[in-house]
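I have placed the structure first, in the form of structure tokens, so that the comments after it can refer back to it.
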Amino acid sequence: MMHHSSSPYSTLQSQRGLTLNAATSTHVPSRRRAAVRVQAGSKEHVPVAISGAGIAGLATAVALHKQGVPVVVLERAPALRQEGSAVALWSNAWRALDALGVSEQLRHDYQLLQRVDLVRADGKMLRSFTLDECDAASAAAGGVNETRGVSRGHLLEALAAQLPDGAVQFSSDVKGISSGADGRTLLQLSGGQQLSCNVLVGADGANSAAAKHLGLPQANYAGYVGYRGLAKFDGPLPVASDTIRQIYGAGVRAGMYPLTSKDLYWFICFNADEAAPAPADPAGCVAEALGQVGGWSWGIREAVAATDPASISRARIRDRWTRGSFGQGCVTLVGDAAHPMTPNLGQGGCTALEDAVVLGRQLAPLMKASSSSSSSSSSSSSGFDAAAVAEVLRQCEAERAARCLPLTVRSWAFGAALQLPFPPVLAARDFVMEKLFSPSHFLDHTLYDCGRLPA
1 MMHHSSSPYS TLQSQRGLTL NAATSTHVPS RRRAAVRVQA GSKEHVPVAI
51 SGAGIAGLAT AVALHKQGVP VVVLERAPAL RQEGSAVALW SNAWRALDAL
101 GVSEQLRHDY QLLQRVDLVR ADGKMLRSFT LDECDAASAA AGGVNETRGV
151 SRGHLLEALA AQLPDGAVQF SSDVKGISSG ADGRTLLQLS GGQQLSCNVL
201 VGADGANSAA AKHLGLPQAN YAGYVGYRGL AKFDGPLPVA SDTIRQIYGA
251 GVRAGMYPLT SKDLYWFICF NADEAAPAPA DPAGCVAEAL GQVGGWSWGI
301 REAVAATDPA SISRARIRDR WTRGSFGQGC VTLVGDAAHP MTPNLGQGGC
351 TALEDAVVLG RQLAPLMKAS SSSSSSSSSS SSGFDAAAVA EVLRQCEAER
401 AARCLPLTVR SWAFGAALQL PFPPVLAARD FVMEKLFSPS HFLDHTLYDC
451 GRLPA
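Reminder that position 327 of the sequence shown reads as 327 in the UniProt record's numbering, one-by-one numbering, no gaps.
Here it is, written out as structure tokens:
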């Protein structure tokens with residue numbers, strides 16, 4: 001297990017700029033070639049456009065680029081986003097990262113997590129177990145369990161480094177989506193540019209404009225708010241270096257896990273009315289977060305205090321139970337745009353990476369067979385079989401919905417039960433965790449293997 005005297009992504013954050021090169025880690029190998037640049041007032045054409053440079057968007061771009069399909073990623077922010085602080089990556093996510101070719105450096109930089117502590121806010125330990133006790137880590141299941149917390153910003157850097165210069169175009173917000181001739185999709189961008197594409201992949205998050213274009217409903221509020229942060233410690237962390245800690249109160253819960261020997265991810269969830277206003281400034285957010293865990297043990301208050309207030313994020317927790325095929329024509333969705341889920345199973349980022357590999361593997365052969373798979377701006381779509389591509393996209397959506405809907409429902413149910421504040425429910429919760437809970441099936445959902453990409 002690697003330990004570090006400084007955060008592996010601290011230098012990356014200081015190098016963020018308005019170009020892809022300035023926002024990319026220098027130690028992550030890159031595979032670059034020229035890409036289409038969309039100029040103001042221009043009407044360019046690309047085979048595949050991806051809206052959103054988050055985990056799902058960049059991973060999908062990498063999956064297609066590795067197979068020779070030109071892509072443009074349109075990101076409304078001026079640089080790669082850093083919000084979200086960290087993401088838990090379980091074994092299913094590492095299989096996807098292996099397929100995408102970006103796992104080696106991340107494994108080197110982040111600690112392996114091997115234990116889970118379930119504790120009560122007043123200091124009582126309810127249950128502690130190692131992940132090796134789970135059936136998913138048994139010899140019959142392959143004997144492999146890999147769980148690490150990774151800086152979200154560092155993960156984005158690693159993915160972006162695999163793309164050619166100009167493939168990620170910042171300050172490019174998709175303002176309008178419409179249908180064009182020959183099955184094309186037309187995009188109106190915030191800078192006045194117009195872009196046509198054979199395939200549009202919406203990867204623009206839970207409030208997706210692409211999902212709205214497809215007529216999908218807004219994500220539903222789950223009834224609670226989440227604070228997230230990344231604490232930095234000069235001395236020892238308040239939790240063991242290999243341990244995920246979950247802390248339970250009444251209508252409030254918290255958790256933490258280390259990323260490195262100095263960096264600790266934490267969260268606090270608490271019940272709140274959807275219309276309740278957020279604090280006006282970072283100091284107010286810190287005060288609200290600390291107010292929810294007043295008097296708690298287990299280091300959660302110390303973690304909040306060790307976090308830069310400006311970096312703490314606050315979000316209303318939402319999900320959508322997306323069923324079956326949901327796209328139209330050659331427009332599809334991945335990640336939170338397709339299946340936003342509550343964070344209770346830690347599978348949002350993991351399933352986004354799965355989406356990318358599955359979609360990339362199924363879509364690339366058709367795009368490569370098309371005469372429009374180059375980055376030409378020609379007005380001809382000769383060779384592009386829109387009907388065949390649409391059929392593959394619907395099949396892929398159905399496959400991914402069958403995977404993600406059960407996770408979304410299970411995550412919602414898990415969170416709903418743990419947020420109940422009633423004393424009889426709390427007593428039952430503590431009894432079950434302390435006396436009846438078995439970790440045997442704790443990792444079953446991480447057994448999923450998204451497969452490889454063609455060499």
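From the three backbone atoms N, C-alpha and C, an ideal C-beta is built for every residue, glycine too.
For Cys330 versus Ala386, is the C-beta spacing smaller than 7 Å? Going by beta carbons, Cys330 and Ala386 fall inside the 7 Å limit.
In the DSSP assignment, what are the bridge partners of Met256? Beta-bridge analysis with DSSP links Met256 to Arg245 and Trp266.
Starting from the C-beta of Glu354, find all residues in its chain whose C-beta is less than 8 Å away, skip the five residues before and the five after it, and write them out in chain order. In the same chain as Glu354, and ignoring 5 residues on each side of it, the C-beta atoms closer than 8 Å to its own belong to Asn92, Ala93, Ala96, Arg400, Arg403, Tyr448 and Cys450, in chain order.
Minimum C-alpha distance to Leu436 - residue among Val73, Asp242, Leu405 and Ser128: When only C-alpha atoms are compared, the closest one is Ser128.
According to the neighbour-count rule (16 or more other Cβ atoms, all chains shown, within 10 Å of its Cβ), is Met341 buried or exposed? Taking a 10 Å sphere around the C-beta of Met341, we find 16 or more other C-beta atoms and assign the residue as buried.
Could you tell me if Arg323 is buried or exposed, where buried requires 16 or more neighbouring beta carbons within 10 angstroms of its beta carbon? Exposed.
Given that a residue counts as buried once 16 or more other Cβ atoms are within 10 Å of its Cβ, and exposed if not, what is residue 458? The structure shown does not extend to residue 458, since the chain spans only 1 to 455, so no value can be given for it.
Can you give the Cα-Cα distance for Ala305 and Arg152, rounded to whole angstroms? C-alpha separation (whole angstroms): 21 Å.
Beta-carbon proximity of Val357 to Ala99, cut-off 7 Å: Cβ atoms of Val357 and Ala99: closer than 7 Å.
Give me the Cβ distance between Leu159 and Ala56, rounded to the nearest whole Å; I'm assuming they're in contact under 8 Å. Rounded to the nearest angstrom, the Cβ distance from Leu159 to Ala56 is 10 Å, too far for a contact under 8 Å.
Whole-number beta carbon distance between Val62 and Gln162, since they are thought to touch under 8 Å: Right, their Cβ atoms sit about 5 Å apart.
Compare the C-alpha of Ser51 against each of Val71, Lys43 and Gly223 and name the closest. Ranking the options by Cα distance to Ser51, first place goes to Val71.
DSSP bridge partner residues for Ser51 (one or two, in chain order): DSSP output for Ser51 lists Leu74 and Gly202 as bridge partner(s).
Distance, Cα to Cα, residue 457 vs Lys66? Missing from the structure shown is residue 457; the chain here goes from 1 to 455 and no further.
Between the C-alpha atoms of Gly54 and Leu156, what's the straight-line distance to the nearest angstrom? Taking the straight line from one Cα to the other gives about 7 Å.
Among Asp273, Val252, Gly235 and Met367, which residue has its Cα nearest to the Cα of Val119? Comparing Cα positions, the closest option is Val252.
For Leu393, which residues in the same chain have their Cβ closer than 6 Å to its Cβ, ignoring the five residues on either side in sequence? The beta carbon of Leu393 sits closer than 6 Å to the beta carbons of Gly327 and Thr332 from its chain, once the five residues preceding and following it are set aside; these are given in chain order.
For the 8 Å Cβ check, are there 3 or more pairs between the region 104-113 and the region 414-434? No, the region 104-113 is not in contact with the region 414-434.
Select from Ser311, Leu405 and His445 the residue whose C-alpha is nearest the C-alpha of Ala86. Nearest C-alpha to Ala86: Ser311.
Between which two residues does the beta strand (DSSP E) carrying Asn145 extend? Secondary structure note for Asn145: it is in no beta strand (DSSP E), with a DSSP letter that is neither H nor E.
Whole angstroms is fine: what's the gap from Asp319's alpha carbon to Ala219's? Looking at the two C-alpha atoms, the distance is approximately 5 Å.
Could you say which of Val199, Ala240, Ile177 and Asn198 lies nearest to Gly215 if we only look at CA atoms? Of Val199, Ala240, Ile177 and Asn198, the smallest CA-CA separation from Gly215 is found for Ile177.
Range covered by the beta strand (DSSP E) that runs through Asn220: Asn220 -> beta strand (DSSP E) spans Asn220 to Lys232.
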